[in-house]
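Novice:
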Amino acid sequence: MSDAVVEIDGVWKIFGDRADEAMAAIRADGIGKAEVLERFQAVVGVKDASFKVDEGEVFCLMGLSGSGKSTLVRHINRLIEPTAGSVRILGEDIGKMRQDALRALRGTKIGMVFQNMALLPHRSVRDNIGFALELRGMDAYHCAQLADQALETVSLHGYGDRLPSELSGGMQQRVGLARALAADPEILLMDEPFSALDPLIRRNLQDEFLGLSENLKKTTVFITHDLDEAIRMGDRIGIMKDGEIVQIGTAEDIVTAPADDYVADFVAGISRLKLVSAAKIMVSPEEYQARRKPIEMAMEHPEAAPEDDLDTLVELSTHSDLPVLIKSDGALVGVVDKNTLLHGLQGSADE
Amino acid sequence: MSTQANIGAEQRNIDERDVSIEAFCVTKADYYAPIFERYQRGQLPRWHMNIWAVIAPWLWSAWRGVWLMFWISLAIDVIAVVCLMQVVKFTPLLAEAQLDPDANTTLISRYTNWINTYGTIGWAVLILGRLWMGSQANRWYYDLYNRWRIEPSVAHGVSPKRLGLGVLIILICSPITTYRATQLRLDERACFNQVRATESVESLLAQYHQVPDVPALSTAVREDAAAAQARFDQLDAISDRTAEQNTARSAARSEARDLGRSAGLVEEYLAISKRDRFDCFFIDDFPTLARLDPPEDVTYRRVTDEDGITEVVAQVKPPVEGRKVTLFTYSAESIDISINWLRASFAGAFDAMTNVLRQSLIRVEVAFMQTPWPVVAFLFLVLSWTYTGMGTTAFVASSLAFLALFELWQIAMQTMALVVVSTAVCVFVGLPIGIWMAKNKIARFITEPILDVMQTIPSLSYLVPAVAFFGISQPPAVLATVVFAMPPMIKLTALGIRQVPESTKEAALAFGASER
Ligand SMILES: Nc1ncnc2c1ncn2[C@@H]1O[C@H](COP(=O)(O)OP(=O)(O)OP(=O)(O)O)[C@@H](O)[C@H]1O
Ligand SMILES: [Mg+2]
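So the protein sequences, as listed, match chains A and B.
Numbering that gives the first Met the number 0 applies: residue 0 is where the first sequence begins, and numbers increase by one.
Numbering that gives the first Met the number 0 applies: residue 0 is where the second sequence begins, and numbers increase by one.
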C-alpha cells in the first residue's frame, strides 16, 4: 500500500487489431517500434510507462507531438485500456473495476480537461459544467448552483446561458476547466489545456490555474508540449519520447542533469536563472580554498542559502566583488564566485 | 549556401521519389518516373498517350493493376463490338433482301440505315474509347501510385497472375456477348417448347428405365403407342361391345393418344439442335431450372364452435396431379398460404392494431374537422410564422385558400389526421430502431438492406399487404405511409447518433456517462 494518488506501473499501449500478438513479440524478442508496425500493423502508443503522483502534486507530462502523452493520460481514467501494466487510483486497481464503479470514479474522483475542449455543443455552458453532477443524479437546482460557482472560479461569471460556440477559444477552455472542477474531483487530468491559446491568454490561464491549485490542492496530471509551461506548472516533470518516459524529476533535476541528448535538446534554450539553486553549483569551501585563494572571513562577504536560485546570486554578486558564501543554519557549506556563477548560468557547471 | 542546401534537399527528394516509383512500377520505372513528375507539375499534355493502353487497354491495366481502367475499357470495347456485330448481323439480311425481287424497299432502306448507324457508332466508340484510355492510362496509374503510397497493400508492380485473371474475365464475358449480338432475337415459344420436351423426356426416361438412350426411348414409345393403337383398333372393330370392352376401348384410345403425344415430344427433343439449346440456355431469359412440386394448398379459417371457442382450422386441398411449378410460383403460393395463416391465427392482434389506429385517426380527425375552419387556418399560419419565415407563411396561406376554394377542406383535414397519426407511429417505432441501429453493428447490418428495399419499392405496393391484413379503410393507409416515411427517419436517427464526434463521446465518458 502506498500513499500515491495515481500510480502507473509498466503500462503499455499498442494500437491495432493484433496488439496482443505484438505485445507478445515485444516481450519475447524485444522488437522495436518500426518492426512492430511492419509485422503487426500496430502502433506503439505507450511503451512501458511507470510513474506516481502524490497527493496535491502537479505532475507534468511533457513531450513532442505524438509522443503518446494523451494516450498515457487516458489510461488514468481508463478511457483507454492498457495492453499491459496496471493503473492504480487511490490505491485501487482500476483495470479490475466494474463498469458502474468506473463510472462513479470518473464522475466523482477524476476531472478531465481536453486538448480540444470537447464541450457538448447542444448544451449551454452551465449545463456543460453541470454535466458530471447531473450524471451523478444531482437535482437541477444544485447542479446550476455548483456550475455557477465553478464559472465564478474561472472568472466567467454571467456566461452560463451561452452556448459553447458563442465563446472564444480561451473562454471555452475555461469552461472545460470549470467543468472539470465543478464535480470537485480529487484528481485533475489536463490534456494540453492551454496549447491552443495565444501566449497572453495562456499565461493568464496558467496563473489562474496556479492560483486555483494553490487553494484547492488537487492532484493534477498536466500535459503540455511546452517546457516553459511544464516548469511553471509542474512540481515534477516527466519527459516522454516515442511513447517512453525518458526522465522524471523536478525542473531543476531535468535542467541540470538531462538524462540524454533528447532531454538536453529540450532544455537547451531554457533560462536557468529561476530554476537552478545555489546548492547545485556551489563549490565546497575546502575545494575553493585549495584551488583559488583562502576566504578572508574578516571581509563583508555576501551570503545566501543553498536553496536560493541563481537570480538571487547574480543580484548579490553585482553589489560586491567578493565571492558569495552559501550558509546553511549559519554553517558555511559552499562558495560561489563569479566564474562558478557564469558557468552555472550557461549550463556547464561541471567544468 | 542555403540555396545550395535547398538544391541538395530537392535532389534528395527526387531521388527518394524515384526509388518509390521504382518500387511501385517494378518494370519500366524510367518511363513512368518522368511522366509522373510532369503530371505533378501540370505539364503533361492532354494528348499524351500510353501506347500499350491504346493497343490493349484491358491487358495493360490488368498487368499494372489499374482495375478501374480495366472495367471501363472492357465496357467500352464491348459496346463497340456489340455495335459492330449488328453490322455483321444485318449485312447478310440486307444481301438477301436485295436479291429478293419481292422484298419491300422499306426493309432494304431500314437495313442499310441500321448498318450505317451501327457501323459508325461502333467504330467511333472503339477509336475514341481507345484514345481516351490511352490518354487517361498514365493519369489513373499515377492516382494508383498515390493510393499505394498511403496504403501499401494497394495493387502495384506488374503481375502475370493479374494478367491471367484479366484474360479469364475477358474470356468469360466477351465471346458470349459477341455471339449474342450477332443473333436475332430468340423466339420465346421455341425455348418454352424446348423446356417442355426436355421435361417430358425426363419423366419418360424415368418410366422406361430399361432403355439406354433417347433414340431408343423414341422407338420404345412409338412401339407402345402403336400397340395401344392396335388394341384400340381391334376393340373398335367389334360392333357390339360389352361395357367392359367399352371401357377398355376408351382406355386404349387415351393411352394411344398420350403415348402419341409423348412420342411427338421425344421427336421434338431429338430435333433440338445444340445451338438452339445453347441459345435458349445462355442468351434467352435466365433459365428457370427447377420444377418443384407445389406447396400443399391449405386454407386456414377461423371457426367458432358452439362453446364460443374460436380456433383456426386448416383445410388441405388435394394436390392437382402432375402440376409442377417454378421457384417463383412456389414462393408466391407459399407466401399466399402463410399470409392466410397469419391472418387467421393473429386476427385478434390485427384487429386490435386496426382498432387502435382507427380510433386515434378518428380522434385526430374529429379534432381537425370540428374545429372551425378559421381557427385551424389561423393556427397553421401562426405555426408556420413562428417556426419558419415570411415566405413559407405566404405559401401556407395560398395553399389553404386553394383548399378552401376548391372545396377540399374536409378531405384535407382527413389527410392531415392521417399524416399526424403516421408521424406519431413513425417516431415511436423509428426512433428506438434508429438508436438501436446506431449502437449495434449487427442491427445495422440487418436493418440497413431492409430499409433500402423499403425505400425503393413504390409506396403503393405496401398498400396491398396492408389491405390484406387490415382490410380496406384508413388504417392501412396509415401503415403504408409509415412504411414509406420510416426508413429516412430511422436512417437519419442512426446517422445523427453516429456522427457525434469521438472527442465529445470521450468527454462524456470522462465525466462518468455510461456507454449507452
Ligand atoms: N486510436 C489510435 N489508433 C492508432 N494509433 C493511435 C491512436 N491514438 C493515438 N495513436 C498513435 O499514438 C501515438 C501517440 O498519440 P498521442 O495522441 O498520445 O500523442 P500526443 O503526445 O498526445 O500528441 P499531441 O501533442 O499532438 O497531442 C501517435 O503516434 C498516434 O499515431
Ligand atoms: Mg495529445
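Here a beta-carbon is modelled for each residue, glycine too, at the ideal position from N, C-alpha and C.
The model shown is predicted, which means the values in this text are computed figures rather than measured ones.
Do Leu274 (chain A) and Phe510 (chain B) have their beta-carbon atoms positioned less than 9 angstroms apart in this structure?
Specialist: Locating residue 510 (chain B) in the second sequence gives position 511, where the first residue counts as 1. Locating residue 274 (chain A) in the first sequence gives position 275, where the first residue counts as 1. No, they are not a contact pair.
Novice: Alpha carbon to alpha carbon, what distance is there between Pro184 (chain A) and Gly90 (chain A)?
Specialist: The residue given as residue 90 (chain A) occupies position 91 in the first sequence. The residue given as residue 184 (chain A) occupies position 185 in the first sequence. One C-alpha to the other measures close to 16 angstroms.
Novice: Is DSSP giving Ile13 (chain A) helix, strand or coil here?
Specialist: Counting from one through the first sequence, the residue named residue 13 (chain A) turns up at place 14. In this structure, Ile13 (chain A) counts as strand in the three-state DSSP scheme.
Novice: Report yes or no: is there a C-beta of chain B within less than 9 angstroms of the C-beta of Ile88 (chain A)?
Specialist: Numbered from 1 along the first sequence, position 89 holds the residue referred to as residue 88 (chain A). Cβ-Cβ to chain B under 9 angstroms: no for Ile88 (chain A).
Novice: Just how far apart, CA to CA, sit Glu198 (chain B) and Leu264 (chain B)?
Specialist: The sequence position of residue 198 (chain B) within the second sequence is 199, counting from 1. The sequence position of residue 264 (chain B) within the second sequence is 265, counting from 1. Each residue's alpha carbon lies about 9 angstroms from the other.
Novice: May I ask which residues mark the beginning and end of the beta strand (DSSP E) holding Asp357 (chain A)?
Specialist: Since the first residue shown for chain A is 0 and the last is 350, residue 357 (chain A) is missing from the structure and cannot be characterised.
Novice: Quick one: which unbroken beta strand (DSSP E) runs of 3-plus residues sit fully inside the stretch 136-163 of chain B? Chain order, please.
Specialist: Listed in chain order, there is nothing to give.
Novice: Mapping the DSSP letters down to three states, classify Ile6 (chain B) as helix, strand or coil.
Specialist: By one-based count along the second sequence, residue 6 (chain B) stands at place 7. Unreliable positioning characterises Ile6 (chain B) in this predicted model, as indicated by a pLDDT of 49, which lies under 50. A coordinate reading is not provided.
Novice: Is the distance from the Cβ of Glu243 (chain A) to the Cβ of Lys12 (chain A) below 9 angstroms?
Specialist: Counted from its first residue, the first sequence places residue 243 (chain A) at position 244. Counted from its first residue, the first sequence places residue 12 (chain A) at position 13. Result no, Cβ atoms of Glu243 (chain A) and Lys12 (chain A) do not sit closer than 9 angstroms.
Novice: Look at Thr521 (chain B) and Leu430 (chain B) and say whether their C-beta atoms are less than 9 angstroms apart.
Specialist: Since the displayed chain B opens at 0 and closes at 515, residue 521 (chain B) lies outside it and no answer follows.
Novice: Please name the residue, chosen from A:Asp225, A:Ile238 and A:Leu132, that lies closest to Ala103 (chain A) on a Cα-to-Cα basis.
Specialist: Within the first sequence, the letter at position 104 stands for residue 103 (chain A). Out of A:Asp225, A:Ile238 and A:Leu132, A:Leu132 has the C-alpha closest to the C-alpha of Ala103 (chain A).
Novice: Quick one, are the C-beta atoms of Val381 (chain B) and Val419 (chain B) less than 9 angstroms apart?
Specialist: Locating residue 381 (chain B) in the second sequence gives position 382, counting from the first residue. Locating residue 419 (chain B) in the second sequence gives position 420, counting from the first residue. No, the Cβ-Cβ distance between Val381 (chain B) and Val419 (chain B) is not below 9 angstroms.
Novice: Report whether the distance from the Cβ of Gly62 (chain A) to the nearest heavy atom of ligand 1 is below 8 angstroms.
Specialist: On the first sequence, residue 62 (chain A) is found 63 positions in, with the first residue counted as 1. The answer is yes for Gly62 (chain A).
Novice: One question on the structure: do Ala181 (chain A) and Leu204 (chain A) come within less than 9 angstroms of each other, judged by their Cβ atoms?
Specialist: Taking the first sequence and counting its residues from 1, one reaches residue 181 (chain A) at position 182. Taking the first sequence and counting its residues from 1, one reaches residue 204 (chain A) at position 205. Cβ atoms of Ala181 (chain A) and Leu204 (chain A): not closer than 9 angstroms.
Novice: Is any heavy atom of ligand 1 found at a distance shorter than 8 angstroms from the C-beta of Glu20 (chain A)?
Specialist: On the first sequence, residue 20 (chain A) is found 21 positions in, with the first residue counted as 1. No, since every heavy atom of ligand 1 falls outside the 8 angstroms radius drawn around the Cβ of Glu20 (chain A).
Novice: CA-CA distance, Phe191 (chain B) and Phe345 (chain B)?
Specialist: Along the second sequence, one-based indexing puts residue 191 (chain B) at 192. Along the second sequence, one-based indexing puts residue 345 (chain B) at 346. Going by the C-alpha atoms only, they are around 42 angstroms apart.
Novice: DSSP on Met0 (chain A), reduced to helix/strand/coil?
Specialist: Here the question's residue 0 (chain A) lines up with position 1 in the first sequence. Low per-residue confidence applies at Met0 (chain A): pLDDT is 46, beneath 50, and the placement is therefore not dependable, though the value from the model is reported in the following sentence. Of the three classes helix, strand and coil, the one that applies to Met0 (chain A) here is coil, per DSSP.
Novice: Applying a beta-carbon distance threshold of less than 8 angstroms, which residues of chain A neighbour Phe510 (chain B)?
Specialist: The sequence position of residue 510 (chain B) within the second sequence is 511, counting from 1. In chain order: Arg105, Gly106, Gly110, Met111, Phe130, Ala131, Leu134, Arg178 and Ala182.
Novice: Near ligand 2, which residues have their beta-carbon closer than 7 angstroms to a heavy atom?
Specialist: Working through the chain, the matches are A:Lys68, A:Ser69, A:Gln114, A:Asp190, A:Glu191 and A:Ile222.
Novice: On a Cα-Cα basis, can you pick out the residue from B:Phe444, B:Ala255 and B:Val499 that is closest to His121 (chain A)?
Specialist: As a first step, residue 121 (chain A) is located in the first sequence; it is residue number 122 there, counting from the start. Ranking B:Phe444, B:Ala255 and B:Val499 by Cα distance to His121 (chain A) puts B:Val499 first.
Novice: Is the beta carbon of His224 (chain A) within less than 8 angstroms of some heavy atom of ligand 1?
Specialist: Here residue 224 (chain A) refers to the residue found at position 225 when the first sequence is read from its first residue. Correct: His224 (chain A) has its Cβ closer than 8 angstroms to ligand 1.
Novice: Answer yes if the stretch 285-292 of chain A comes into contact with the stretch 68-85 of chain A, meaning at least three C-beta pairs across the two stretches below 8 angstroms, and no otherwise.
Specialist: No, the stretch 68-85 of chain A is not in contact with the stretch 285-292 of chain A.
Novice: Taking 8 angstroms as the cut-off, is the C-beta of Phe14 (chain A) nearer than that to any heavy atom in ligand 1?
Specialist: In the first sequence, the residue the question calls residue 14 (chain A) occupies position 15. Yes; taking the cut-off as 8 angstroms, the Cβ of Phe14 (chain A) has a heavy atom of ligand 1 nearer than that.
Novice: For Leu78 (chain A), go through chain B and note every residue whose CB falls closer than 7 angstroms to its CB, in chain order.
Specialist: Taking the first sequence and counting its residues from 1, one reaches residue 78 (chain A) at position 79. Within 7 angstroms Cβ-Cβ: Glu505, Leu508 and Ala509.
Novice: So, with DSSP's three-state summary, where would you put Pro500 (chain B)?
Specialist: Along the second sequence, one-based indexing puts residue 500 (chain B) at 501. Reduced to three states, the DSSP call for Pro500 (chain B) is coil.
Novice: Taking only beta-carbon positions, decide if Ile6 (chain B) is within less than 9 angstroms of chain A.
Specialist: Position 7 of the second sequence, counted from the start, is the residue given in the question as residue 6 (chain B). Annotation note: pLDDT 49 at Ile6 (chain B) (below 50); position unreliable, no value reported.
Novice: Quick check on the burial criterion: 16 or more other C-beta atoms within 10 angstroms. Buried or exposed for Ile222 (chain A)?
Specialist: Sequence index remark: in the first sequence, residue 222 (chain A) carries index 223 (1-based). That one is buried.
Novice: Looking at the C-beta of Pro294 (chain B), does it have a partner C-beta in chain A at a distance below 9 angstroms?
Specialist: Here residue 294 (chain B) corresponds to residue number 295 of the second sequence, with the count starting at 1. With 9 angstroms as the cut-off, Pro294 (chain B) does not count as an interface residue toward chain A.
Novice: Does chain A have any CB closer than 9 angstroms to the CB of Pro474 (chain B)?
Specialist: Reading the second sequence from its first residue, position 475 is the one you call residue 474 (chain B). Answer no: the Cβ-Cβ gap between Pro474 (chain B) and chain A never drops below 9 angstroms.
Novice: Taking C-beta to C-beta, are Tyr38 (chain B) and Asn137 (chain B) nearer than 9 angstroms?
Specialist: By 1-based counting over the second sequence, the position of residue 38 (chain B) is 39. By 1-based counting over the second sequence, the position of residue 137 (chain B) is 138. It is a contact, given that the beta carbons lie within the stated cut-off.
Novice: Check whether the Cβ of Ile44 (chain A) sits closer than 8 angstroms to any heavy atom of ligand 1, and report yes or no.
Specialist: As a first step, residue 44 (chain A) must be located in the first sequence, where it is residue number 45. A small correction: the amino acid at residue 44 (chain A) is Gly; Ile does not occupy that position in the sequence shown. True, at least one ligand heavy atom lies under 8 angstroms from that Cβ.
Novice: Whose CA, out of A:Gln98, A:Gly94 and A:Glu54, lies closest to the CA of Asp2 (chain A)?
Specialist: Here residue 2 (chain A) refers to the residue found at position 3 of the first sequence. Closest option to Asp2 (chain A), Cα to Cα, is A:Glu54.
Novice: Would you say Phe23 (chain B) and Tyr110 (chain B) are within 9 angstroms of each other, going by their C-beta atoms?
Specialist: The sequence position of residue 23 (chain B) within the second sequence is 24, counting from 1. The sequence position of residue 110 (chain B) within the second sequence is 111, counting from 1. Against a cut-off of 9 angstroms, the Cβ pair of Tyr110 (chain B) and Phe23 (chain B) comes out as no contact.
Novice: For chain B, check one thing: does any of its Cβ atoms lie closer than 9 angstroms to the Cβ of Met0 (chain A)?
Specialist: Here residue 0 (chain A) is taken as the residue at index 1 of the first sequence, counted from 1. Per-residue confidence for Met0 (chain A) stands at a pLDDT of 46, beneath the threshold of 50, marking its modelled position as unreliable; no derived number is given.
Novice: Quick check on DSSP: helix, strand or coil for Ile25 (chain A)?
Specialist: Looking up residue 25 (chain A) in the first sequence gives position 26. Of the three classes helix, strand and coil, the one that applies to Ile25 (chain A) here is helix, per DSSP.
Novice: Can you find the residues in the same chain that come closer than 6 angstroms, C-beta to C-beta, to Arg300 (chain B), ignoring five residues on each side of it along the sequence?
Specialist: Position 301 of the second sequence holds residue 300 (chain B). Correct list, in chain order: Val312.
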